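So the sequence lines, in the order shown, correspond to chains A and B.
No gaps in the numbering here: position 74 of the first sequence is 76 in the working numbering, and each next residue is one more.
No gaps in the numbering here: position 201 of the second sequence is 338 in the working numbering, and each next residue is one more.
Cβ coordinates follow ideal geometry from the N, Cα and C atoms, glycine included.
Keep in mind it's a predicted model, so treat the numbers as computed, not measured.
To start, the structure under review is shown below, and the notes come after it.
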Amino acid sequence: MLEQLQNSFGKIVKTLRGEGKITESNIRDRMRDVRRALLEADVNYKVVKDFIKTTEEKAIGVKITKSLSPGQVIVKIINDELTALLGKQKYNLKTASTPPTIILLTGLQGCGKTTFAAKLANHLKKQNHKPLLVPVDIYRPAAVQQLEILGKQIDTDVYSEKKKVLKRIKGAVSFARENNHDTIIVDTAGRLHIDDKMMKELVSIKKTFSPDNTFFVADGLTGQDAVNTAKVFDEQINFDGIVLTKMDSDARGGAALSVVKATGKPIAFIGIGEKPEDLEIFHPDRIANRILG
Amino acid sequence: FGKFFTVDETILDDIEAALLSADIGVDLTEELIKKLKLVKKSESTRLNDILKDELKTLIKPKQHEVQNVKPRVILMVGVNGTGKTTSIGKLSSLFTKQGKNVLIAAADTFRAAAYDQLKIWSVRSGVEFLGNPQGKDPAAVAFDAARSAVAKNKDVLIIDTAGRLHTKSNLMQELAKMKKVIKKVIPEAPHDVWLVLDSTIGQNSILQAQEFTKSVGVTGLILTKLDGTAKGGVVLAIHKKLNIPIYYLGVGEQLDDMVEFDSEKFINALLD
Ligand SMILES: Nc1nc2c(ncn2[C@@H]2O[C@H](COP(=O)(O)OP(=O)(O)OP(=O)(O)O)[C@@H](O)[C@H]2O)c(=O)[nH]1
Ligand SMILES: Nc1nc2c(ncn2[C@@H]2O[C@H](COP(=O)(O)OP(=O)(O)OP(=O)(O)O)[C@@H](O)[C@H]2O)c(=O)[nH]1
Ligand SMILES: [Mg+2]
Ligand SMILES: [Mg+2]
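The following block contains the structure:
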């Protein structure tokens, strides 16, 4: 789509010879194309509105010089704006002053939390950490078993005590200290942001253990609803970073922009497959390019 | 000239926002807004009803299923995490309540604890279960399941498959192979290939429906997680493009949380 944009912008300003300014009238139509592209990429409707407005303001009055075509100038403004929005802060994993560092994974059903838990443990192992996986999804059939199997696959300890959620985490912290695990990764059950009981559980985990890093795991294919869910999770548990999964798909990933804009939180990791090694550090420019198609 | 006689722009903007937020998509939203722009100002109080009528034309009323084969073989497919395994649990209970003798098979040999997950559902719904805890060949499980369904005179066989992205051609071929293998036992099977879609997913669901249809032929849709705030409006575009019926809606994580699709109720929910 970037190519199409360049060509269509190029057309508008073909009528301006040599040096010329981008005017309101010639940019408005092109912005409609950008709006369409962003909506088709699943960027939230309100986020698109704001983005278009801001970008239009930046583009109007920009001088065209002989070194760059008008199309290139406008595309660069859009790309830069998108990249800036996506990548304002880089995420740095916080460590606890007294181990273990606690990492809490949260998110809706089926977004990839359990798989990410294994990926994160694998990632930490490669950096000479000794992570401990802590499954606390005591609701979904075979959820604990799932993480136990994944733990075995990456030769990482899994702490699972037949207790309720808070007791499990408490036991895991003690176990970690006794066995020199410097990090524990807590994998929670998928839950709806409108499920009061389950959101209360998350709030109590946060209050009781003050995790050093709380991640909101989101499905990279999410549509307009991404803003609703991210906002509520952020309001209730003030997460530190976002993990966007299933980006090995052909989804444009507009949810990335929606969630970052709605919460102001950075994207920390990207999931690019089902295996433990399928984890990527977030690159804002790559995602920006992808959203624009 | 017509501006003084047609509906207010601001009302149309609100409707456009509602449609887009429901994941109806840009194209369909534009089409609908174009139609609404022609509505006379005198009719503007009826605007919502006119919109609902327009949406209703996009989707057939209550969808019905074919019921007269035995065993009826249903293959459940879809991308990762949409709710296939859970939906099988719910459907097996639903069909059992209808007096059917059901067998469910765990042909997902990839995902950690997929076998265990479906087995627990079979216990919950009281249906027979087949799988291979050490299995590595999904087609082999499907084959055994088809054989068993015939031998045990089952009414319905539902086969669970691993979640897979439609962009992974080797995995899509694996599904096509599973179909061929099932046909060796029951030539007309699978009678149904149901694509499970997650209502929180956006426009990518359209690509999913197109690709799965190309690879294995989709005969029905199941839309899950409608107990959340997502509206699943993308199914309208899918239904419009591919004419695939929508059979069931997942509205929760428990055994009874599955309802038959009702287009009237669905469209009303889309707009509130
Ligand atoms: N292709 C792809 N699949 C993924 C990715 N991350 C997770 N998955 C798959 O998505 C499905 C769901 O993953 P889970 O890890 O069980 O998701 P979850 O959030 O723990 O699910 P619940 O605990 O049920 O809420 C599985 O089939 C995973 O293999 C990814 O980055 N790419
Ligand atoms: N709230 C809600 N959650 C659902 C619904 N259907 C499924 N889930 C949840 O979504 C998550 C994924 O469900 P699964 O049945 O494991 O999904 P799947 O398609 O089999 O996943 P893969 O086999 O990994 O592709 C689980 O946490 C389910 O409890 C639904 O209708 N509503
Ligand atoms: Mg999980
Ligand atoms: Mg499954």
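Item	Value
Exposure of A:E180, with buried meaning 16 or more beta-carbon neighbours within 10 Å	exposed
Selection from B:P208, B:I225, B:L255 that minimises the alpha carbon distance to B:S285	B:P208
Interface residues of chain A facing B:Q254 [CB-CB closer than 7 Å]	P143, A144
B:I148 and B:H376 closer than 8 Å at C-beta	no
Enclosing alpha helix (DSSP H) for A:G173 [first to last residue]	167-180
Proximity below 8 Å, CB of B:G365 to CB of B:D329	no
A:Y47 - partner residues in DSSP beta bridges	Note: A:Y47 sits in no beta bridge, so no partner.
Members of the region 212-223 of chain B near chain A, C-beta cut-off 9 Å	V216, N217, G218, T219, G220, T222, T223
Check whether A:I272 and A:F284 have beta carbons under 8 Å apart	yes
CB contact check: A:E180 to chain B, cutoff 8 Å	no
Pairwise C-alpha distance: A:L40 and A:A257	10 Å
Contact set, ligand 3 heavy atom to C-beta under 5 Å	A:K115, A:T116
Listed by chain order, chain B residues near A:N230 by CB distance under 7 Å	T366
Sufficient close CB pairs (3 or more, under 8 Å) joining the region 261-268 of chain B to the region 311-318 of chain B	no
A:L246: CB within 7 Å of a non-hydrogen atom of ligand 2	no
Reference A:N124; option with closest CA among A:I187, A:K233, A:T56	A:I187
N-terminal and C-terminal residue of the alpha helix (DSSP H) that A:V229 is part of	228-239
Proximity test, B:D245 beta-carbon vs ligand 2 heavy atom, cut-off 7 Å	yes
Closest Cα partner of B:W331 within the set B:E390, B:T350, B:V176	B:T350
Those residues which DSSP pairs with A:Y161 across a bridge	Per DSSP, none; premise fails for A:Y161.
Residues within the region 186-197 of chain A neighbouring chain B, beta-carbon criterion of under 7 Å	L194, I196
Cβ-heavy atom distance, B:V388 to ligand 2, below 7 Å	yes
Residues of the region 30-61 of chain A whose Cβ lies closer than 7 Å to any Cβ of chain B, in chain order	R38, L41, E42, D44, Y47
Opposing strand residues paired with B:G268 [DSSP bridges]	B:A243
Within chain B, the residues that A:L246 reaches when beta carbons sit closer than 7 Å	What A:L246 touches in chain B: nothing, since even the nearest Cβ is about 13 Å away.
Coarse secondary structure for A:N291, derived from DSSP in three states	helix
Contact shell at 5 Å, judged by CB to any heavy atom of ligand 4, ordered along the chain	B:K221, B:T222
Sequence ranges, alpha helix (DSSP H) only - wholly within the region 298-343 of chain B, length at least 4	306-322
Cβ of A:R292 within 8 Å of any chain B Cβ	no
CB contact check: B:I257 to chain A, cutoff 8 Å	yes
Any C-beta of chain A under 8 Å from that of B:V144	no
DSSP three-state assignment for A:G153, whether helix, strand or coil	helix
Any non-hydrogen atom of ligand 1 closer than 7 Å to B:D364 Cβ	no
Distance, A:Q111 Cα to A:Q148 Cα	15 Å
Residues sharing a beta bridge with B:G389, DSSP	According to DSSP, which records beta bridges pairwise, B:G389 is partnered with nothing at all.
Cβ neighbour criterion (16 or more within 10 Å) applied to A:I14	In this predicted model, A:I14 has a pLDDT of only 49, less than 50, meaning its place in the structure is not dependable enough to derive any value.
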